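Residue numbers (our numbering): 19 to 54. What follows is a single structure, written as structure tokens, with notes after it.
In structure tokens form, the structure reads like this:
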């Protein structure tokens with residue numbers, strides 16, 4: 019595996035984790051506020 023491939027893999031992995039940590043709480047908050 020090339021260095022670029024490793025970097026891309028790490029970037030995608032961290033991006034997925036970050037988007038889940040940011041997206042899911044905000045989506046839950048929006049759903050909660052929308053249902054009220």
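Ideal Cβ placement from N, Cα and C applies to all residues, glycine included. Fair warning: this is a prediction, and the values are worked out from it, not measured in the lab.
Alpha carbon of residue i to alpha carbon of residue j, nearest angstrom
i, j, result
"residue 23", "residue 42", "28 Å"
"residue 29", "residue 35", "10 Å"
"residue 50", "residue 44", "10 Å"
"residue 21", "residue 52", "45 Å"
"residue 32", "residue 40", "12 Å"
Endpoints, alpha helix (DSSP H) assigned at residue i
i, result
"residue 37", "21-53"
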